[in-house]
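Some notes on the structure that comes next.
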Amino acid sequence: MTLNICGNSHTRALRAGMQILEDSVAEEVVVFPLGTADNEAEPFSTIENGRVVLTNDRFRTKLQKNFGFSSFGPADRWGICLGTHNYRLMRSEAWLRAAPAWLGIPGMQPVPEAAFAQMVAADQRHIRAFFDQLLQTGVRPFVISAPWPVRSHPIMTETGVRPEIIKAIDVKARALFAAWLAERRIDLILPPKEAADEQGFLRPRFAKGGDDHYHGNPRYGRLMLKKVLESQRVAVAA
Amino acid sequence: MKSSPVLSPSSGDISNSGAGANPYVKQPSRAFWRSAVSDLSPIEMDGIYEPRFPISRETRISAAGSCFAQHIARQFKARNYRFTDVEPAPPFLDAETAEDFGYGQYSARYGNVYSIRQLLQLFARAEGAMDPDDHVWLKDGRAYDPFRPTIQPDGFASLAEMEADREYHLDQVQTLLGQTDLFVFTFGLTEAWVNKRDGAVLPSCPGTHAGTFDPETYAFRNFRFNEVLQDAEAFIALARQHNPDMRFLFTVSPVPLTATATDQHVLAATTYSKSVLRAVCGELAMAHNFVDYFPSYELVASHPMRGIYYRPNMRNVAAQGVARVMDIFFAAHGDTGTPEPQQSETPAVPTSDPACDEEILEFFET
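If you read the protein sequences in the order shown, they are chains A and B.
Numbering-wise (the numbering used here), the first sequence opens with residue 1 and increments by one.
Numbering-wise (the numbering used here), the second sequence opens with residue 1001 and increments by one.
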C-alpha cells in the first residue's frame, strides 16, 4: 500500500528528502505539500459522504493533483505534517514583556501554563478538527513534526524576544499537541535529536537559510524522512 | 452640575396660600416622592443621579469592587474612557481565554474585592507592608492563591507558578494608584472571613473554592458601619498619598448575598449589609467634595424599581438592567453614545455575566 505524506510547507523538505532516498526505499512513498501553514488558521476540512474532504481550495487542489485523491479514506496510509508550526504562537512582540510561567523569569508577566494550553488549543482548533474527522471516518494517520525552530527567525534576531522563551513555547506546544494526539492513539514523530543544537534550535546545516527562517533543507528532509519511514517500517537500504 | 431649584408643582398651593415660605418651596421636583417616583414608571424616572464632578475621557480611571463592579469597568472600556489596566492580558490570548483567566475585569488581575478592608490589604500587600499567613491553598494537586481563589480555572499548575504570578501581580498593583485620577469602588459585602492571626480578609470562605476551613484559624466578621467608614477613610488617605487630587466614585452593589453566615434570614442580612455600605457612601460623600456616590443600588434594588432589573432569581442583575444603569450614569456625564465595538488589536471585552465568587455558596445549601 502506498504511503502518502502531505501537509503544510514543511512537507517540501520531506519531498526533497524523498527525492534523495527514492532509490533506496522499497515501497511506494508519495510526498507533496498541500499549502502553507497560514491555511491552518481557518477551517479547512469537513466530512462528506463518510469521507474527509478539504474545503480549503489550495489544499483540495493539491491533494487531487499530486495524490489523485479528492478525499481521505480508510483504505489509504497517511502521514500528515500539520500542527507543530508554532510560529503563530511565538510571533508576538508581547513576548518581550511576557514569558511562559514555567520559565520563572522575574520581572516578566508570567503566562500561566493552563492559559498557554488554551491558547495552543485555540491555535490548533482547525487542525484538531481535521484529525478528529479523520478518526471519525476510519482514517488513522500518523503525524510528522515540523523542524525545530530556526534561531535566525526575526522574532529573536530583530524584535529581541529571548531565545529561551521561543524554545519554551515550541517545546510546550509540541508536548500539548503530542498529548492530544496520544489521547487519540495517533503517533507524532518529532524531529531527529541530531538536527538540534545545544539550545534546541535547528542546526544551521539543516536549515534552509537565506530569508527562510522556518524550513529545513533537503539534508534535513532526508534525515527526517528516514526517521519517518523507519517508524512506519518502510525499509530503506543503507 | 447640580440643577437649580425650581418651584415644585406640588408646593404651588402652599406657596400661594401665604402660609409662609419654607425650604421645600424651592426644592426641585426630583426632591418630591410624588413627582419624582409615584407619578412615574421606573423607566421614566430621571434626575436620580447628578454628578458631583465631571469625568472626561482624559480622566485616568481605576476600578475595583464586587462582581457588579465588573459591569462598570467594562462600560468605561467599551466607551473608550481612559481605563487603567496595569495587568492586561497578553495580546496573544483570545478573549475567551483572557476572561477565563481573570484578565480585563478590573484595573489589575485582583479578581473581586468585596470589602474596603480587603482593598486596603491588597495595597498593603503590594507595598510589602503585609505578608499574610495564608500563602497558598492546595487542592487536587493544584495551587490556589487564597486572595484570588478563582482568578484562573482549576488553580495554578504549581506553587512556583502561583508565587511567580502573585509576585508579578502585586508588582503591578503597586503602580496602580500612581496612575489613577478617579478610583471607582463598588462596595459589595460587610460579611467576610478573616484569618484570626493576622486579620487578613479573604475574598471567599476557606473550604468553598479551595482551602480548608479551620475554626481555629478563621473567624467570621460582619463589618460594622464605623469599621467600614474607617477603612474607607484609610483607603482615601492612602490613595491621595499617590495622587493628592484623586477623586473617588463609590457605589453599592445591588446584588444580594448568596448566603449569610449570620443567624439571620438572608434578606435581613442583606439589608443590614447594604444599609451599612450605603450609609458609609453617604457619609463619605458628605465629608469629602472629591467623593461622589452613584446610586446604582437604588436604580436596581429600591422598591420603586419593582425588581424589574433583576433576573427571576431576584439576585443577578439582568443585562438590560446593567445597560439602563450605565446609560443613566454616562448620560449624567454628558455621554449619550452607545458603547463602541471592541478594536480588533486588543482582546475583546467579555460580555458574559460577571464572575461572582459568592455564587459557589449555593452549592452548600442542604
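From the three backbone atoms N, C-alpha and C, an ideal C-beta is built for every residue, glycine too.
Where residue i falls, given that 16 or more other Cβ within 10 Å makes a residue buried
i, result
"Ser-1004/B", "Low local confidence applies: a pLDDT of 46 at Ser-1004/B is under 50, so the model's placement there is unreliable, and no value is given."
"Ser-9/A", "buried"
"His-85/A", "buried"
"Gln-109/A", "buried"
"Cys-60/A", "The question names Cys, yet the displayed sequence has Arg at residue 60/A. Answer is buried; the Cβ neighbour count reaches 16."
"His-215/A", "buried"
"Ile-1061/B", "buried"
"Asp-57/A", "exposed"
"Asp-212/A", "exposed"
"Ser-70/A", "exposed"
"Ser-1344/B", "The pLDDT assigned to Ser-1344/B is 40, lower than 50, so where the model puts this residue is not dependable; a value taken from the coordinates is nonetheless given after this. That one is exposed."
"Phe-1220/B", "exposed"
"Trp-270/A", "As shown, chain A starts at 1 and ends at 238. That puts residue 270/A outside it, with no answer to give."
"Ile-1308/B", "exposed"
"Trp-1033/B", "exposed"
"Lys-193/A", "exposed"
"Pro-191/A", "buried"
"Glu-1362/B", "exposed"
"Ser-1213/B", "For the record, residue 1213/B in the displayed sequence is Phe; it is not Ser. Counting Cβ neighbours within 10 Å, Phe-1213/B comes out exposed, since fewer than 16 surround it."
"Gln-1264/B", "exposed"
"Gly-1282/B", "exposed"
"Asn-49/A", "exposed"
"Gln-1075/B", "buried"
"Thr-1150/B", "buried"
"Ser-24/A", "exposed"
"Gly-221/A", "buried"
"Asn-1022/B", "exposed"
CA nearest to the CA of residue i, picked from the options
i, options, result
"Pro-154/A", "Asp-57/A, Ala-195/A, Lys-227/A and Met-90/A", "Met-90/A"
"Thr-1262/B", "Ile-1328/B, Pro-1203/B and Leu-1189/B", "Leu-1189/B"
"Tyr-1218/B", "Thr-1338/B, Glu-1227/B and Ser-1204/B", "Ser-1204/B"
"Ala-37/A", "Leu-63/A, Gln-136/A and Gly-7/A", "Gly-7/A"
"Glu-1216/B", "Phe-1225/B, Pro-1206/B, Arg-1240/B and Met-1286/B", "Pro-1206/B"
"Asp-1404/B", "Leu-229/A, Val-150/A and Pro-106/A", "In the structure as shown, chain B starts at 1001 and stops at 1366, and residue 1404/B therefore has no counterpart that could be examined."
"Asp-1140/B", "Gly-1104/B, Ala-1210/B, Ala-1108/B and Tyr-1310/B", "Ala-1210/B"
"Val-1252/B", "Phe-1083/B, Leu-1284/B and Leu-1040/B", "Leu-1284/B"
"Val-1201/B", "Gln-1105/B, Asn-1112/B and Ala-1073/B", "Asn-1112/B"
"Thr-1059/B", "Gly-1337/B, Cys-1067/B and Tyr-1081/B", "Tyr-1081/B"
"Leu-181/A", "Ser-145/A, Glu-93/A and Asn-39/A", "Ser-145/A"
"Tyr-1272/B", "Arg-1247/B, Leu-1159/B and Arg-1224/B", "Arg-1224/B"
Whether residue i touches residue j by CB criterion (7 Å)
i, j, result
"Ala-1063/B", "Val-1184/B", "yes"
"Asp-1391/B", "Arg-1117/B", "Because chain B is modelled from 1001 through 1366, residue 1391/B falls outside the range shown and cannot be assessed."
"Asp-1134/B", "Met-1162/B", "no"
"Leu-1122/B", "Phe-1235/B", "no"
"Glu-113/A", "Trp-95/A", "no"
"Lys-226/A", "Gly-200/A", "no"
"Arg-1142/B", "Gly-1128/B", "no"
"Leu-1177/B", "His-1071/B", "no"
"Ile-1048/B", "Pro-1295/B", "yes"
"Pro-1304/B", "Val-1037/B", "yes"
"Tyr-1297/B", "Pro-1256/B", "no"
"Gln-118/A", "Thr-1097/B", "yes"
"Ile-186/A", "Val-120/A", "no"
"Arg-51/A", "Val-31/A", "no"
"Arg-1324/B", "Ala-1318/B", "no"
"Arg-1434/B", "Glu-1087/B", "The displayed coordinates of chain B run from 1001 to 1366. Any statement about residue 1434/B would go beyond what the structure contains."
(request) Scan the segment 1107 to 1131 of chain B and note each continuous alpha helix (DSSP H) run of 4 residues or more that stays entirely inside, going in chain order. (result) 1116 to 1126
(message) Against chain B, which members of the segment 110 to 121 of chain A pass a CB distance test of less than 8 Å?
(response) Pro-110, Val-111, Pro-112, Glu-113, Ala-114, Ala-115, Gln-118 and Met-119
(request) Note down, one range per segment and in chain order, each beta strand (DSSP E) of at least 3 residues found wholly within the segment 1249 to 1317 of chain B. (result) 1291 to 1293
(request) Please specify which runs of the beta strand (DSSP E), each continuous and at least 3 residues long, are wholly inside the segment 1153 to 1229 of chain B, giving them in chain order. (result) Within the segment 1153 to 1229 of chain B, the complete beta strand (DSSP E) runs of at least 3 residues fall at 1182 to 1187, 1191 to 1195 and 1218 to 1222.
(message) Please identify, using Cβ separations under 7 Å, the residues of the segment 1146 to 1180 of chain B that lie next to chain A, in order along the chain.
(response) Gln-1152, Pro-1153, Asp-1154, Phe-1156, Ala-1157, Ala-1160, Glu-1161, Ala-1164, Asp-1165 and Tyr-1168
(request) With a floor of 4 residues, list each alpha helix (DSSP H) that falls wholly inside the segment 80 to 138 of chain A, ordered by position along the chain. (result) Within the segment 80 to 138 of chain A, the complete alpha helix (DSSP H) runs of at least 4 residues are 87 to 90, 113 to 123 and 125 to 136.
(request) Taking a Cβ distance cut-off of 8 Å, strictly less, list which residues of the segment 167 to 195 of chain A are near chain B, in chain order. (result) none
(request) Counting only runs of 3+ residues fully inside the segment 1018 to 1058 of chain B, write out the beta strand (DSSP E) ranges in chain order. (result) none
(message) Which runs of the beta strand (DSSP E) at least 3 residues long sit entirely within the segment 1066 to 1101 of chain B? Give them in chain order.
(response) Qualifying beta strand (DSSP E) stretches: none in this window.
(request) Please name the residues in the segment 1063 to 1094 of chain B whose beta-carbon is closer than 8 Å to at least one beta-carbon of chain A, in chain order. (result) Glu-1087, Pro-1090, Pro-1091, Phe-1092, Leu-1093 and Asp-1094
(message) Give the list of continuous beta strand (DSSP E) stretches no shorter than 3 residues that lie fully inside the segment 44 to 76 of chain A.
(response) Whole beta strand (DSSP E) segments, 3+ residues: 45 to 48 and 51 to 54.
(request) Please name the residues in the segment 1099 to 1110 of chain B whose beta-carbon is closer than 8 Å to at least one beta-carbon of chain A, in chain order. (result) Asp-1100 and Phe-1101
(request) Mind checking the segment 144 to 160 of chain A against chain B and listing, in chain order, the residues whose C-beta falls within less than 7 Å of any C-beta there? (result) none
(message) For a minimum of 3 consecutive residues, which ranges assigned as the beta strand (DSSP E) are wholly contained in the segment 137 to 185 of chain A?
(response) The qualifying runs are 142 to 144.
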